[in-house]
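For the sequence shown, position 108 matches number 193 in my numbering, and the numbering has no gaps at all. Below: one structure, written as structure tokens.
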Amino acid sequence: MQQHSKYLPESLPSERQGQSETPPVYAEVAVPLHVASSFIYKLPPEMRALAQAGSRLVVPLGRKRVTGFIVKLHADLAATPNLTESEIKDVDELVDLVPLLTPELLELTKWVADYYLSPWGEVIKAALPPGITPSIDDYLTITEKGRSELNNGPRDSGTRADELLRELADDIELKLSAVYTTFGKSQATRIVRELESNGLLRIVQRPAGHSVKAKLERRVRLTRKTQEDQTTGRQLTAAQIRVLDALASQPSTSFASLLTAAGVSGPTIATLERRGLVETFTEQLRRDPLEGASLPAVEDYTLTPGQNRVLAEIEQPLKDRRYSAFLLHGVTGSGKTEVYIRAMRVALALDRSAMMLVPEIALTPVFSRRLNMHFGDLVAMFHSSRSRGE
């Protein structure tokens, strides 16, 4: 690893890297820390054909490992003549085979970093959904020297260092944060540092699991056996019949909803599953902040001549795929939002996307419901009151 010069214009890729005939050897990496420069790392041979600009990777930085972002790939060190091969560290792990950041997003975050004099890696991290970049956790393992000293030392030794070594010998590996809880952070830091310097324990760093996990729901559906032949040869109870009737009109339903709708308990469904009449399965759900919200019917307004004139002026550059800025001025109730929505429809019809920014978070429910009326599940909502999963 070696610190690179402040973000240079040529460090931005015009297209995804890593797809040329000659695989890259070095990656220029921006890390989400308060450092003013990017860094150069060497890609192991098995990563060279896979690495692309915009992908995340895990790299060593000082005594720690961090998750960074590839901002450019290099075939050689010609662009950084001040570096030598011996100064460059290897990449530990490639997190993404498909880049998380597009070239356009890299260019935008680069501009923001330069304009606000902010670290590029921190700007990239801020531009991504929170929780998407795994943190790096520290784990402690006892070394052979530490195990030998523990076995050959006095049995009645009651020092905190020996206590930690005994825990490591029993558990094989301990998370450093758990040691902080047991010993206190300041004391644990001192003990770990002392034991590591004496070669009695080793600190291992690994990416933690993602803090955002898929939302799963347990669901129930009728089996083909039930759908093809309701005659099972065995009498059904009234509760079991209610379950089958509740499932007959829909492909599947959630386990909890079925219990309520049929007025039964879990064992009733379990019995039907053992008899092969229903099956339970797990399905990943989309987190929808507006799920269950009461949405009014879509009203198809007739635009006024002035609104039509404004909309036509906005539509033209969209259809020509060229940039143009507009300031739409009008009093409250003059139809500005309706014009925005019509322009969004044009953008979506052209296989593009649209974003509506609101001046304050309190207005989000009003606008999100109105957009959801028109665009349904195509609407995604981002603001600080949403959970990480949402």
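All residues carry an ideal CB built from backbone N, CA and C; glycine is no exception.
Restricting attention to Ala333, Ile426 and Thr417, the CA atom closest to the CA of Ile399 is found in Ile426. The Cβ atoms of Gln369 and Lys300 sit closer than 8 Å to each other.
With fewer than 16 other Cβ atoms from the protein chains shown falling within 10 Å of its own Cβ, Pro214 counts as exposed. Secondary structure at Thr367: strand, using DSSP grouped into helix, strand and coil. Taking one beta carbon from each stretch, the segment 218-236 and the segment 195-203 have fewer than 3 pairs nearer than 8 Å; the two do not touch.
Contact between Val328 and Ala347 is confirmed by a C-beta separation of about 5 Å, below the 8 Å threshold. The way I'd put it, the segment 165-177 doesn't touch the segment 200-215; fewer than three beta-carbon pairs between them come closer than 8 Å. Take Leu162, set aside five residues on each side of it, and the residues of its chain with a beta-carbon closer than 6 Å to its own are Leu168, in chain order. No Cβ-Cβ contact shorter than 8 Å links Gly139 with Leu179. Under DSSP, the beta-bridge partners assigned to Pro145 are Arg150.
In the DSSP assignment, Ser337 is bridged to no other residue. Judged by beta-carbon spacing, Ser453 lies beyond the 8 Å limit of Met440, meaning their Cβ atoms are not closer than that value.
In this structure, Tyr111 lies near Leu128, with their beta-carbon atoms less than 8 Å apart. Under the three-state reduction of DSSP, Thr226 is assigned to strand. For Glu423, the enclosing alpha helix (DSSP H) starts and ends at Lys421 to Ala434. Shortest Cα-Cα distance from Leu250 to any of Ser271, Asp222, Asp405 and Asn283 involves Asn283. Between the alpha carbons of Ser123 and Val116 lies a gap of roughly 7 Å. Fewer than three pairs of CB atoms, one per stretch, sit closer than 8 Å, so the segment 330-339 makes no contact with the segment 274-291.
Contact between the segment 441-450 and the segment 409-418 is not established, with fewer than three Cβ pairs separated by less than 8 Å.
A distance below 8 Å separates the beta carbons of Glu113 and Lys157.
Residue range Tyr111 to Ala115 is occupied by the beta strand (DSSP E) that includes Ala112. Between His459 and Val395, the C-beta spacing is not below 8 Å.
The closest CA to that of Leu118, considering only Pro108, Phe154 and Pro109, is found on Phe154. Nearest Cα to Arg141 within the set Leu182, Thr107, Asp175 and Tyr126: Leu182.
In this structure, DSSP gives Glu178 an extended state, which the three-state scheme calls strand. Annotated three-state conformation of Lys300 is strand, per DSSP.
In this structure, the beta-carbon distance from Phe366 to Arg304 falls below 8 Å.
When Val120, Leu403 and His468 are compared, the shortest CA-CA separation from Ala434 is found for Leu403.
Closest option to Leu190, judged by alpha-carbon separation, among Gly206, Pro352, Ser470 and Leu235: Gly206. Residue Thr107 holds the alpha-carbon nearest to the alpha-carbon of Ala160 among Pro184, Leu202 and Thr107. Counted as a single uninterrupted DSSP element, the alpha helix (DSSP H) harbouring Glu192 occupies residues Pro188 to Tyr200. DSSP places Tyr265 within a helical segment (H, G or I) once states are collapsed to three.
When beta bridges are read from the DSSP output, Arg360 appears opposite no residue. Across the structure, Glu131 and Val144 are spaced so that their CA atoms are roughly 15 Å apart. Look at Ile125 here: in three-state DSSP terms it is strand. Here Glu279 has Ala246 as same chain residues with Cβ atoms under 8 Å from its own Cβ, once five neighbours each way along the sequence are excluded.
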